[in-house]
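A.B. asks: When we follow the working numbering, the leftmost residue of the sequence shown carries the number 6, and every step to the right adds one.
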Amino acid sequence: MKKITHSHRPLILITNDDGIQAKGLQQVAEFLKPLGDIVVVAPDGPRSGQSSAITVAMPLRMKVLDEQKGFCRICTNGTPVDCIKLSMNVLLDCRPDLIVSGINHGSNSGVSVVYSGTMGAVTEGTLLHIPSIGFSLCNHKADADFSPCRDLVIDICQKALNSPAWPQCVGLNINIPDTPRLNGMKICRAAQGYWTEEYDCRVDPHGREYFWLTGSFKNNEPDADDTDEYWLDRGYATIVPCSTDRSASGLLPAFASILGA
Numbered sequence: 006m007k008k009i010t011h012s013h014r015p016l017i018l019i020t021n022d023d024g025i026q027a028k029g030l031q032q033v034a035e036f037l038k039p040l041g042d043i044v045v046v047a048p049d050g051p052r053s054g055q056s057s058a059i060t061v062a063m064p065l066r067m068k069v070l071d072e073q074k075g076f077c078r079i080c081t082n083g084t085p086v087d088c089i090k091l092s093m094n095v096l097l098d099c100r101p102d103l104i105v106s107g108i109n110h111g112s113n114s115g116v117s118v119v120y121s122g123t124m125g126a127v128t129e130g131t132l133l134h135i136p137s138i139g140f141s142l143c144n145h146k147a148d149a150d151f152s153p154c155r156d157l158v159i160d161i162c163q164k165a166l167n168s169p170a171w172p173q174c175v176g177l178n179i180n181i182p183d184t185p186r187l188n189g190m191k192i193c194r195a196a197q198g199y200w201t202e203e204y205d206c207r208v209d210p211h212g213r214e215y216f217w218l219t220g221s222f223k224n225n226e227p228d229a230d231d232t233d234e235y236w237l238d239r240g241y242a243t244i245v246p247c248s249t250d251r252s253a254s255g256l257l258p259a260f261a262s263i264l265g266a
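Next up, the structure:
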């Protein structure tokens, strides 16, 4: 596949985990067209919950769906992280100025960031020291209204493109409440909690049991006013900076004492 070339404008790479046909992906590409050249590389179907998974047991293929001046759209049978890796190693003739993942159908707040394919792509871009942002709307419907996201997405992406000193190894997890009008935005931390009753046991027509992923998120700190869950409930978009360094550096002395190391 030939390399994609771009003009003097900023180059914005977009992916998602809901698949190439998802409305959120199409909408964010339209929102960002005025800001630069757009290259969309997304999975050929849903890949939710893939986190930072990569494809190692089968060949990856790509198909160009649309190619015109300043805009290209490609699908692949891989994961969101595969989309970033293929773009960097095969498709693009230079590093993108910005990586955007989303807009996801459904929230990625709290501990969901651990499982999110949307944020897996952000993590991959962050590891490459490219400004990377994941956007999610708290609405799972296929035909969700993404128009309230427009101004926020454009504003934040423009600021990312203009920033001379974007912090390395840090990406943004941005969640947007499902409301016609935002009350504002808050930079905060992810709420601590856990998922409960995660699998529903069912029986197929042949009498065999199977399990369907379900469950609900339990917020361990519903009254903490510095978390994403708190502010989303109050109509604010939340911005959580996420580091690729998962070392618990502050606990090194504690574990040295516990383990005698």
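Note that CB positions come from ideal geometry on N, CA and C, so glycine has one too.
Between 223, 42 and 215, which has its C-alpha nearest residue 12's C-alpha?
C.D. replies: The shortest C-alpha separation from residue 12 is found at 42.
A.B. asks: With three or more beta-carbon pairs closer than 8 Å as the criterion, would you say the region 166 to 184 touches the region 206 to 221?
C.D. replies: Contact between the region 166 to 184 and the region 206 to 221 is absent, because fewer than three Cβ pairs lie under 8 Å.
A.B. asks: Just how far apart, CA to CA, sit residue 20 and residue 260?
C.D. replies: Their backbone Cα atoms lie some 39 Å apart in a straight line.
A.B. asks: I believe residue 106 touches residue 126 by the beta-carbon criterion, under 8 Å. Please report the beta-carbon distance rounded to the nearest angstrom.
C.D. replies: Contact holds; Cβ gap of about 4 Å.
A.B. asks: Would the beta-carbon of residue 140 fall within 8 Å of that of residue 108?
C.D. replies: Contact flag set, yes.
A.B. asks: Would a C-beta distance cut-off of 8 Å place residue 51 and residue 25 closer than the cut-off?
C.D. replies: Cβ distance not < 8 Å, so residue 51 and residue 25 don't count as in contact.
A.B. asks: If distances are taken between C-alpha atoms only, which option among 162, 38 and 174 comes closest to residue 251?
C.D. replies: Closest option to residue 251, Cα to Cα, is 174.
A.B. asks: Out of 149, 110, 44 and 104, which one is the CA nearest neighbour of residue 131?
C.D. replies: Looking at the Cα atoms, 104 is the closest of the given residues.
A.B. asks: Taking the alpha carbon of residue 222 as the point to measure from, which residue in 203, 216 and 240 has its own alpha carbon closest?
C.D. replies: Ranking the options by Cα distance to residue 222, first place goes to 203.
A.B. asks: Whole beta strand (DSSP E) runs in the region 164 to 219 with 3 or more residues, listed along the chain?
C.D. replies: Correct list: 175 to 181, 189 to 192, 198 to 201, 204 to 208 and 214 to 218.
A.B. asks: Which residue marks the beginning of the beta strand (DSSP E) containing residue 142, and which one marks its end?
C.D. replies: Per DSSP, residue 142 belongs to the beta strand (DSSP E) from 137 to 142.
A.B. asks: Going by DSSP, name the residue or residues bridged to residue 72.
C.D. replies: Beta-bridge pairing links residue 72 to 77.
A.B. asks: If we ignore side chains and look at the alpha-carbon of each, how far apart do residue 37 and residue 115 end up?
C.D. replies: In a straight line, the C-alpha of residue 37 is about 27 Å away from that of residue 115.
A.B. asks: If you run the structure through DSSP and keep just helix, strand and coil, what is residue 261?
C.D. replies: Residue 261: helix per DSSP, three-state reduction.
A.B. asks: Work out the CA separation of residue 262 and residue 185 for me, nearest whole Å.
C.D. replies: Rounded to the nearest angstrom, the two C-alpha atoms are 53 Å apart.
A.B. asks: Out of 162, 257 and 219, point me to the one whose CA is closest to residue 244's CA.
C.D. replies: Answer by Cα proximity: 162.
A.B. asks: Quick one: give me the first and last residue of the alpha helix (DSSP H) that residue 105 is part of.
C.D. replies: Run containing residue 105: none in the alpha helix (DSSP H); it sits in the beta strand (DSSP E), 103 to 110.
A.B. asks: Between which two residues does the alpha helix (DSSP H) carrying residue 91 extend?
C.D. replies: Residue 91 -> alpha helix (DSSP H) spans 85 to 91.
A.B. asks: Which term fits residue 69, buried or exposed, when burial requires 16 or more other beta carbons within 10 angstroms of its beta carbon?
C.D. replies: Exposed, by the Cβ-count rule.
A.B. asks: Whose C-beta lies closer than 8 Å to the C-beta of residue 99 among residues of the same chain, with five residues either side of it excluded?
C.D. replies: The answer, listed in chain order, is 11 and 16.
A.B. asks: What are the boundary residues of the beta strand (DSSP E) that residue 16 is part of?
C.D. replies: Here the beta strand (DSSP E) through residue 16 covers 16 to 20.
A.B. asks: Looking at residue 176 and residue 247, is the spacing between their C-beta atoms short of 8 Å?
C.D. replies: Closer than 8 Å, so yes.
A.B. asks: Per DSSP, what are the beta-bridge partners of residue 42 in this structure?
C.D. replies: Looking at the DSSP assignment, residue 42 forms a beta bridge with 16.
A.B. asks: Indicate whether residue 55 and residue 23 have their beta-carbon atoms separated by less than 8 Å.
C.D. replies: Taking 8 Å as the Cβ cut-off, residue 55 and residue 23 do not qualify as a contacting pair.
A.B. asks: Does the Cβ-Cβ distance between residue 18 and residue 153 come in under 8 Å?
C.D. replies: No; because the gap between Cβ atoms is not below 8 Å, this pair is not in contact.
A.B. asks: Tell me whether residue 167 is buried or exposed, calling it buried when 16 or more other Cβ atoms sit within 10 Å of its Cβ.
C.D. replies: Under this definition residue 167 is an exposed residue.
A.B. asks: Look up residue 241 in the DSSP assignment and say whether it is helix, strand or coil.
C.D. replies: Residue state, collapsed to three classes: strand.
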